[in-house]
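Colleague:
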Amino acid sequence: MELVFCVDRSLKRDFAWVLREELRVLRREGLRCRLVVTGGIFRIRAPVKSDNEKRYVRLRLSQAAGTFLTRHALEIRAEDFLRRKELWEAKVAETVEKRLYVVRELLVPLRSEIVVRLNEYLTAENWVDFRGFLRFRLKHIEAFLTVVFWRLVDEVQFELEWEHFISFLRRFRQSRNPGVKQVHCFPGEEGGFTLSDKRGHLLESVPPAAAAGDEPGNEDVLIGSLLVKGVQKIILHRWTPSPPALKVLRAVFHVKECSSCSLCRPKVSAGKGAPGSVSSLE
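Residue numbers (this note's numbering): 616 to 897.
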């Protein structure tokens with residue numbers, strides 16, 4: 616019997632290793648299989664003595680090839696998109712290719728179905744092209760691979776855009792130097808904020824958030840004020856920003872959340888250590 620597998624040249628080395636390992640096992644069992652490789656075409660010849668041996672060899676090779684196809688199906692599908700270089704920034708394509716090795720584990724539950732389909736196909740045919748088999752015999756899986764690929768692209772593009780955004784904010788902050796090295800932020804009335812320097816001098820009061828509309832929220836105004844002042848470190852007293860705002864603050868500034876100094880405890884007197892006094896600021 617003879618079976619022929621056609622794979623992309625980029626996967627030739629990995630598939631050759633898989634087949635050689637499987638053929639080594641078959642030879643130990645007395646089945647003298649021979650492998651001939653030409654480019655991306657793998658020919659396996661096995662002098663079987665009965666139909667049972669033929670079915671056994673075909674099943675073993677189907678399992679090995681099916682497992683390989685399960686692990687690399689996403690790469691095969693992604694190559695159809697990534698080869699169109701005019702659609703991608705180089706960094707996006709490079710990052711997506713690296714991430715494929717992580718998300719391909721999503722296909723592990725589909726291994727059994729792929730092996731069964733491949734074995735059925737090789738019962739009627741003695742050759743298979745992995746790319747064509749995936750496209751025409753596993754259409755529903757190919758559709759799933761397409762969804763996984765584009766979700767991965769969206770994730771990568773969002774991360775790169777986030778990096779560009781944060782990099783821009785950092786450069787802008789650094790361009791304001793010499794700026795205010797350290798700022799204390801206190802919650803004000805009705806959701807506003809008060810910014811003071813380390814000596815307790817008032818720098819700015821951020822008003823409460825405006826009614827819903829196109830106006831920026833007071834957290835956005837706060838971040839903008841810190842950027843304009845070239846602030847390097849911000850200490851938050853008795854207030855925790857929303858998760859999105861805190862993520863930006865931590866990415867651009869050195870942030871410390873204080874909850875135990877005299878300013879963060881309830882006011883008991885107007886004497887030394889009361890909120891706003893110089894001695895109580897860190």
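Backbone N, C-alpha and C fix where the C-beta goes; we use that ideal spot for every residue, glycine too.
Which term fits glycine 681, buried or exposed, when burial requires 16 or more other beta carbons within 10 angstroms of its beta carbon?
Modeller: Translated into positions along the sequence shown, residue 681 becomes position 66. When all chains shown are included, glycine 681 counts as buried.
Colleague: From the DSSP output, in three-state form, read off phenylalanine 801 for me.
Modeller: Reading the sequence shown from its first residue, position 186 is the one you call residue 801. Strand.
Colleague: Can you tell me the Cα-Cα spacing of valine 717 and tryptophan 765, whole angstroms?
Modeller: Residue 717 sits at position 102 when you count from the first residue of the sequence shown. Residue 765 sits at position 150 when you count from the first residue of the sequence shown. So the alpha carbons of these two residues sit roughly 15 angstroms apart.
Colleague: Pull the bridge partners of valine 870 from the DSSP assignment, please.
Modeller: Here residue 870 refers to the residue found at position 255 of the sequence shown. Answer by DSSP bridge pairing, in chain order: Ile849.
Colleague: How would you label asparagine 833, buried or exposed, when you count the other beta carbons within 10 angstroms and need 16 or more for buried?
Modeller: Position 218 of the sequence shown, counted from the start, is the residue given in the question as residue 833. If you draw a 10 Å sphere on the C-beta of asparagine 833, you find 16 or more other C-beta atoms in it, and that means buried.
Colleague: Output yes or no for whether 9 angstroms exceeds the beta carbon distance between valine 633 and alanine 679.
Modeller: Counted from its first residue, the sequence shown places residue 633 at position 18. Counted from its first residue, the sequence shown places residue 679 at position 64. Going by C-beta atoms, valine 633 is nearer than 9 angstroms to alanine 679.
Colleague: Quick check: the Cα distance between aspartate 829 and glycine 747, rounded to an integer number of angstroms?
Modeller: Position 214 of the sequence shown, counting from 1, holds the residue named residue 829. Position 132 of the sequence shown, counting from 1, holds the residue named residue 747. Residue confidence for aspartate 829 is low, a pLDDT of 49 falling below 50, so the modelled location carries little weight and cannot support an answer.
Colleague: Assuming arginine 660 contacts arginine 649 (C-beta within less than 8 angstroms), just tell me the rounded distance between them.
Modeller: The residue you call residue 660 lines up with position 45 of the sequence shown. The residue you call residue 649 lines up with position 34 of the sequence shown. Contact flag correct, Cβ pair sits at about 5 angstroms.
Colleague: Which stretch, first to last residue, makes up the alpha helix (DSSP H) that contains threonine 710?
Modeller: Start at 1 with the first residue of the sequence shown, and residue 710 comes out as number 95. Segment 705-718, the alpha helix (DSSP H) holding threonine 710.
Colleague: From what residue to what residue does the alpha helix (DSSP H) around valine 843 run?
Modeller: In the sequence shown, residue 843 corresponds to position 228, counting from 1. Note, valine 843: alpha helix (DSSP H), 833-843.
Colleague: Under three-state DSSP, which class holds serine 665?
Modeller: Translated into positions along the sequence shown, residue 665 becomes position 50. Of the three classes helix, strand and coil, the one that applies to serine 665 here is coil, per DSSP.
Colleague: Near proline 802, which residues of its chain fall below 7 angstroms by C-beta distance, leaving aside the five closest residues on each side in sequence?
Modeller: Within the sequence shown, the letter at position 187 stands for residue 802. Result list for proline 802: Phe808, Arg853, Trp854, in chain order.
Colleague: For cysteine 621, list the residues DSSP reports as bridge partners.
Modeller: Residue mapping note: residue 621 aligns to position 6 of the sequence shown, counting from 1. Checking the DSSP bridge columns, you'll see cysteine 621 partnered with Ile656, Asp744.
Colleague: Confirm, please, whether the CB-CB distance from arginine 732 to arginine 719 is below 9 angstroms.
Modeller: Locating residue 719 in the sequence shown gives position 104, counting from the first residue. Locating residue 732 in the sequence shown gives position 117, counting from the first residue. No. Outside cutoff.
Colleague: Can you tell me which residues form a DSSP beta bridge with glutamate 819?
Modeller: Reading the sequence shown from its first residue, position 204 is the one you call residue 819. Glutamate 819 has Leu810 as its beta-bridge partners, per DSSP.
Colleague: Output the distance between the C-alpha atoms of glycine 839 and glutamate 805, rounded to the nearest integer angstrom.
Modeller: One-based indexing of the sequence shown puts residue 839 at position 224. One-based indexing of the sequence shown puts residue 805 at position 190. If I take the Cα positions, the gap works out to 20 angstroms.
Colleague: Apart from the five residues just before and just after lysine 713, which ones in its own chain have a Cβ nearer than 7 angstroms to its Cβ?
Modeller: In the sequence shown, counting from the first residue as 1, residue 713 sits at position 98. The answer is none, since no qualifying residue turns up.
Colleague: Taking a contact to mean a Cβ-Cβ separation below 9 angstroms, would you say leucine 851 touches lysine 871 in this structure?
Modeller: Here residue 851 refers to the residue found at position 236 when the sequence shown is read from its first residue. Here residue 871 refers to the residue found at position 256 when the sequence shown is read from its first residue. Yes, these two residues count as a Cβ contact at 9 angstroms.
Colleague: Please name the residue in Arg786, Gly794, Val651 whose C-alpha comes closest to that of isoleucine 849.
Modeller: The residue you call residue 849 lines up with position 234 of the sequence shown. The option with the nearest alpha carbon to isoleucine 849 is Gly794.
Colleague: When the Cα atoms are used, what is the spatial distance from lysine 664 to leucine 646?
Modeller: Taking the first residue of the sequence shown as 1, we reach residue 664 at position 49. Taking the first residue of the sequence shown as 1, we reach residue 646 at position 31. Each residue's alpha carbon lies about 10 angstroms from the other.
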